[in-house]
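Okay, so the sequence shown: first residue is 702 according to the working numbering, each after it adds one.
Encoded as structure tokens, the structure appears first; notes follow it.
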Amino acid sequence: MHNVVTGLFLALILVGCASRPVEDPLATREALLLASGNQVGLVAHYKANLNQRPEYKQRLISLYLDQQDLRSAQLYTTLLSEQERRQPQVRLALARIQCLQQRWSQCESQLQQYRQAGGDSVQTLLLLGRASAAQQQFEQAIDQFEEARRLGASDLQVQNNQAVVYLMQQRPQQALALLQPLYLSHPEDGGIRANLIVAAIQAQRPLLALEVLRHRDDEQQAKRQLQALMAGVLPADSQPVLWRKSPPSPASSSPGTTAPAPPRSQPFEPAPRPQSGEGPAACAVPADGQDKRFCVQVTSWDRPLSRGMRRDFIQRYGSLFEQQVQARYRYCVGDFDTVGEASEFLAQVREPRAFVVTQSSCHQQVAL
């Protein structure tokens, strides 16, 4: 009898051990990299294990898109099989690529297929709203963001996106009505602060902008920063800032967490330091009524760039334009007929705080 009980006890121990899940080292490493925000390590992890984990292809593509690296994202789509391309998250990533390339009909088609394949309706509507705004279908974009909220998107996501649309329409009062309550409830959100400053300056409320700037700068620094920002704001009847690059976020396949426009999570640094896109616009609109052209502001300094830095920008982007506004030197690259072309080029610009602006005849091409 003793032997029978002992045998049963040992059997129970063995069954218990066998049912315990075996730790997955790849999943554990991925979780650690995600938790630490180590995107460089995460890219390397996905690349090194693509053969073992086919799903890493989709995650790598989405991660590159979060980093605004369109070229790398496109490269890894070539590794996808036809079966993989039908997966919901892959369809979403492909839609994001089409939107970044300004291929709106293809983007919307991919999004509809993503939704029909069981994809998240909120993500679909948020990306559709961004695509509509980029095509200047502003009222449709507002409605799409509102529908996303009805289906569960957060007020922060939706109202910030809607405020950006109002800024694109030069309707700063409507933007302020959305952004001020958001700022009071989320004062640490850099994107809300940045958009609120843009809206306040557009609405000619510099004291409000100064109050927000004081959140992270002392009085003197905030005033210097406000002066630099106001020097770059476009007149009320001109085109606003259109797209600004977002800083890398933790690996995620969701494209609808932030608005695709004026400064998102961009820190406002003291004026004497070199800055990449500190203001809502760098170039004045042509006063002679000529058609607007567009460029990408890549940096702004309180002194001219050195010869070596100028050469580096020209080698990377093919051209460099300089404009002096009061005590600041602003530098732009590219020359485009439409905002769509400029925003597509923006996705390939490596400066993390670059943004699209209108270009004017005041630009002088830099010569070496």
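Glycine included, every Cβ here is placed at the ideal spot set by N, Cα and C.
- Leu735 places its beta carbon 9 Å or farther from that of Leu751.
- Cα atoms of Leu766 and Ile898: separation of roughly 27 Å, rounded to the nearest angstrom.
- Taken atom to atom, the span from the alpha-carbon of Arg994 to that of Val1057 is near 10 Å.
- For Val823, the CB contacts under 8 Å within the same chain, skipping 5 residues up- and downstream, are Ala849, Leu852, Gly853, Ala854 and Gly957 in chain order.
- For Glu889, no beta strand (DSSP E) segment is defined, and its DSSP state is neither H nor E.
- Note on geometry: alpha-carbon atoms of Ala1043 and Asp725 lie some 44 Å from one another.
- Measuring C-alpha to C-alpha distances from Cys1033 to each of Leu908, Val997, Tyr815 and Leu771 identifies Val997 as the nearest.
- Of the candidates Arg894, Arg906, Arg1011 and Ala832, the residue whose Cα lies closest to the Cα of Arg917 is Arg894.
- DSSP, read as helix, strand or coil, puts Gln1024 in strand.
- At a Cβ-Cβ threshold of 9 Å, Asp1013 and Phe1022 do not count as neighbours.
- Judged by their CB atoms, Cys808 and Gln817 are not nearer to each other than the 9 Å cut-off.
- According to DSSP, Cys1033 shares a beta bridge with Gln998 and Phe1022.
- In this structure, Pro907 keeps its C-beta atom at 9 Å or more from the C-beta atom of Leu879.
- Pairing Gly742 with Glu731, the inter-Cα distance amounts to about 9 Å.
- Counting other Cβ atoms within 10 Å of its Cβ, Ala749 stays below 16 and is therefore classed as exposed.
- Per DSSP, reduced to three states, the secondary structure at Val1058 is strand.
- Rounded to the nearest whole angstrom, the CA to CA distance from Tyr1018 to Glu1045 is 14 Å.
- C-alpha of Asp856 to C-alpha of Leu828: approximately 16 Å in a straight line.
- In this structure Leu781 touches Val791 by the C-beta definition: roughly 6 Å separates them, less than 8 Å.
- The residues Leu761, Leu764 and Tyr765, in chain order, have a CB closer than 8 Å to that of Val744 in the same chain once the five nearest residues on each side in sequence are set aside.
- Taking C-alpha positions only, Leu914 is separated from Gln858 by approximately 22 Å.
- Between Ala796 and Ala774, the CB-CB gap reaches or exceeds 9 Å.
- Leu776 places its beta carbon 9 Å or farther from that of Ala1048.
- Here DSSP, grouped into helix, strand and coil, assigns Ala749 to helix.
- According to the DSSP assignment, Gly830 belongs to the alpha helix (DSSP H) that extends over Ser822 to Ala835.
- Less than 9 Å separates the beta-carbon of Arg1031 from that of Thr1000.
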